[in-house]
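Below is one structure, written out as structure tokens; comments come after it.
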Amino acid sequence: MSYAFREAIAATRRAPVLTGLSAAMVGLALYVVSLFALVAYNMQIALTSVEERVELVVYLRDDGDPVDLELAREELASMPEVDGVQFISKDDALEKAQAELPEFGDLFTDLDANPLPASLEISLHPGSRTPNAVGRVAERAASYPVAEDVRFGREWLDKLYLLRRMGAAATSVLGLAFALAAALIIGTAVRLAVFARRDEIYIMRLVGARDGFIRRPFLIEGALTGLLGGVAAAGLAYVTFRAVTELLFELAWLPTEWVTGGLVAGMIFGLLASGAAVRRYLREV
Amino acid sequence: MIKLTNVTKEYKAGTPAVAGLSFHIRKGEFAFLTGHSGSGKSTTMRLIHLGERPTSGEVRISGYSSERTPARDVWKVRRRVGHVFQDFRLLPGRTARENVAFALEVTGAPRSEIVPRTQRLLSQVGLASKGGSAVDALSGGERQRVAIARALANDPVVLLADEPTGNLDERATRGVLDLFWDINARGTAVLVATHDLELVRSYPHVRLLELDQGRLVYDSAADTNGR
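For the record, the sequence lines run as chains D and X. 442 is the number of the first residue of the first sequence in the working numbering; add one for each residue after it. 18 is the number of the first residue of the second sequence in the working numbering; add one for each residue after it.
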């Protein structure tokens, strides 16, 4: 094992309380970030599931030409925003209404003629559920002679989209603020650990150690502290997730890449903070 | 070896810590640098190992000039200079052996070389049996011996000792001075900064440089009449 690794591990053993406190500070800072990530991720899932219900319904004229209908169906299906087009006949519509609205059962059965129109139900690709994209498809659908009316809940869609944008902005701003606060706490924790060993840096410089040689064990130690804190934060966040899921409501756990990203970020923060602190003391000797 | 030419160091403009300092320590020479507290001894020592740069003038040490040695190359100077301090400056929580080996590890010396050399150095300072002891458990005199062994690790051409006996009793002081003589006899120049005039007087044949308010007021090498 190289001197730098040996020394980094030995240093944590020589001052277990200081290392533990630094890792705990880093862990708590990253725990707050993890909780925020957990909330943001579950909000994203909730919004996506609501968005999946965005679709257009094109109500068709009873006297529409079947050739025009087929043309409209094909052209709409070929639009880049459109995921699929399903034809609902008048009979299908009645059957669906009877199934979905059983309280009006008698009303539907007493009818002489089926008053419900046939329709085209258009589902959209995940990236095309914005008001603009839906508007484009609706405009195109309304232009066909077979189309009687096009419905997609414009107001509801506008509100959903506004909510999504607010969510994205809040996530970015708060995420950045939490990350900055975590970076500051990690920086302070690691700097305290380096400060406690400033005499060591002084002695190393005096006996002729090169800057890189002095820096390496501290960088490794900083990265280890960050990793240790990251693991502790992930563990705490998982315990919180389990508790909320079992006691309050169901949540989704963070994707593996998010957790890995958090651990790597903790390591990098630790490494950078340590590097900056050592740099300061190197300049002093 | 060590040459200071008209060296001035000002931490605050107009109040020099040392002023117009010029002297030359030759290879294998032994000298005392003396003066009251605040006379500029420690500043001079720091200037010699390039821990400080002169405000004006030049420090030359073993071929390196304060004017032409960039900060990134100071380590080269430090490896040719051994340092001993009043407060020992040992790494706490480590053994005597680890403290000495540390000075070799920083140079990238192989492990196979570090172990026997560390043991030899500890033997040289009379601590062969204390290598495994934590430095915190050693007496003041023993700690200073560990510091001396560490200072010798890289075969320095000069040993700088800043108040090395300041924390030691009389017996330990004699022991440390005897060690310096032994080191000097092997060809290493030794410069000892001390305010202890009793100690200096007990070595009347040794060159004496005396500072007062940052100026060199006496150099026995230039005084043909003696002290």
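Every residue, glycine too, gets a C-beta built ideally from N, C-alpha and C.
Subject >> Closer than 7 Å at the beta carbon, the chain D residues around L108/X >> reply: E641 and I644
Subject >> Beta carbon of L636/D nearer than 7 Å to that of S715/D >> reply: Note on identity: in this sequence residue 636/D is Phe, with Leu being the wrong assignment. Taking 7 Å as the Cβ cut-off, F636/D and S715/D do not qualify as a contacting pair.
Original post:
Mind checking whether V591/D and A579/D have CB atoms under 7 Å apart?
Top reply: yes
Original post:
Using a C-beta cutoff of 7 Å, does A120/X count as contacting chain D?
Top reply: yes
Original post:
For R96/X, which residues in chain D fall below 7 Å Cβ to Cβ?
Top reply: G649
Original post:
So, using beta-carbon positions, are A559/D and V499/D closer together than 7 Å?
Top reply: no
**OP:** Thinking R632/D and A718/D are a contact (beta carbons under 8 Å), I'd like their distance in whole angstroms, please.
**Re:** 4 Å
Original post:
If we ignore side chains and look at the alpha-carbon of each, how far apart do V575/D and A620/D end up?
Top reply: 36 Å
Subject >> DSSP three-state assignment for Q161/X, whether helix, strand or coil >> reply: helix
**OP:** Indicate whether at least one CB of chain X lies closer than 7 Å to the CB of Y722/D.
**Re:** no
Original post:
Of the residues S82/X, G157/X and T25/X, which one's Cα is nearest the Cα of A34/X?
Top reply: T25/X
Original post:
What residues of chain C sit near R657/D, judged by a beta carbon separation below 7 Å?
Top reply: Of the protein chains in this structure, namely D and X, none is chain C.
Subject >> Beta-carbon contacts of L138/X that lie in its chain and below 7 Å, excluding the five residues immediately before and after >> reply: V117, A166, L169 and A170
**OP:** Can you have a look at R160/X and say buried or exposed, based on whether 16 or more other CB atoms are within 10 angstroms of its CB?
**Re:** buried
Original post:
Under the rule that 16 or more other beta-carbon atoms within 10 Å means buried, what is I486/D, buried or exposed?
Top reply: exposed
Subject >> Members of the stretch 159-185 of chain X near chain D, C-beta cut-off 9 Å >> reply: R167, A168, A170 and N171
**OP:** Measure from the C-beta of V123/X to each C-beta in chain D and report whether the shortest distance is under 7 Å.
**Re:** yes
Original post:
Between which two residues does the beta strand (DSSP E) harbouring E115/X extend?
Top reply: First-last for E115/X: A113 to E122, but that is the alpha helix (DSSP H), not the beta strand (DSSP E).
**OP:** Would you please state the rounded distance, in angstroms, between the beta carbons of A36/X and R232/X? I believe it to be under 8 Å.
**Re:** 6 Å
Original post:
Would W92/X count as contacting chain D if we go by Cβ distances under 7 Å?
Top reply: yes
**OP:** Could you tell me if the beta carbon of E215/X falls within a distance shorter than 6 Å of some heavy atom in the ligand PLP?
**Re:** Looking for the ligand PLP in the displayed structure turns up nothing, as the structure carries no ligands at all.
Subject >> Contact set between F654/D and chain X, taken where Cβ atoms lie within less than 7 Å >> reply: V123
Subject >> Stretch-stretch touch, CB-based, cutoff 8 Å, three pairs: the stretch 671-682 of chain D with the stretch 116-136 of chain X >> reply: no
**OP:** Using 10 angstroms around the beta-carbon of G243/X, count the other beta-carbons present and answer buried if the total reaches 16, otherwise exposed.
**Re:** With a pLDDT of 49 at G243/X, under the threshold of 50, the predicted position of this residue should be treated as unreliable, though the coordinate-derived value follows. Looking at its Cβ environment, which holds fewer than 16 other Cβ atoms inside 10 Å, G243/X is exposed.
**OP:** Answer with buried or exposed for H566/D, where buried requires no fewer than 16 other C-beta atoms within 10 angstroms of its C-beta.
**Re:** exposed
Original post:
Got a sec: is the Cβ-Cβ distance from H41/X to anything in chain D below 7 Å?
Top reply: no
Subject >> Cutoff 6 Å; reference V174/X; Cβ partners in own chain excluding five residues on either side >> reply: S79 and R97
Subject >> Per DSSP, cross-strand counterpart(s) of Q527/D >> reply: E562/D
Subject >> Pick from L476/D, A449/D, T460/D and A470/D that is closest to A684/D, judged by C-alpha positions >> reply: L476/D
**OP:** Specify, as a first and last residue, the run of the alpha helix (DSSP H) that T86/X falls within.
**Re:** Taken as a continuous stretch (DSSP letters only), T86/X belongs to no alpha helix (DSSP H), as it is neither H nor E.
Subject >> Length of the line joining the Cα atoms of V101/X and P696/D >> reply: 56 Å
Original post:
Any idea what DSSP makes of R447/D, helix, strand or coil?
Top reply: helix
Subject >> Continuous beta strand (DSSP E) assignments of at least 3 residues falling wholly in the stretch 636-671 of chain D >> reply: none
Subject >> Per DSSP, the bridge partner or partners of K20/X >> reply: H41/X and R77/X
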